[in-house]
Amino acid sequence: MAFTADGGVSWFRSNPPTFAGPIYGAYYVAGGPLLVAVGPHGASYSQDDGQSWLPLDTQSYWSAGFASTRAGWLVGPEGRIMRVEFES
């Protein structure tokens with residue numbers, strides 16, 4: 051993963067999430083420096099723009115979405131939906 055804070059003029063590389071393999075989806079949660087990444091081998095979150103990661107799950111996920119700064123959902127194969135809630 052790579053991040054930019056200046057509209058793409060410069061980029062910096064983050065550390066990889068806690069799961070191996072590709073990242074199918076990543077989502078910045080509005081209102082805070084919270085990033086969620088998902089892929090075929092799990093889900094992770096970072097509170098420091100990808101410098102460090104913590105695991106959420108080891109199942110396969112395709113995408114993530116958040117309705118608020120605290121609550122969201124991860125979606126995966128066979129209709130799997132996992133609700134995620136972070137403490138503020």
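Following the working numbering, the numbering of the sequence shown begins with 51 at its first residue and continues without gaps.
Even glycine gets a Cβ: it sits at the ideal position worked out from N, Cα and C.
**OP:** Let me know if W103 comes out buried or exposed under the rule of 16 or more other beta-carbons within 10 Å of its beta-carbon.
**Re:** buried
Original post:
Given a threshold of 16 other Cβ atoms within 10 Å of its Cβ, counted over all protein chains shown, does F69 qualify as buried or as exposed?
Top reply: buried
**OP:** Tell me whether the beta-carbon of I86 lies closer than 7 Å to the beta-carbon of Y77.
**Re:** Here the sequence assigns Val to residue 86, which means Ile is not the residue at that position. Yes.
Subject >> P105 versus S64 - alpha carbon distance >> reply: 16 Å
Original post:
Would you say the beta carbon of N65 comes nearer than 6 Å to a heavy atom of the ligand PLP?
Top reply: No copy of the ligand PLP appears in this structure; indeed no ligand is present at all.
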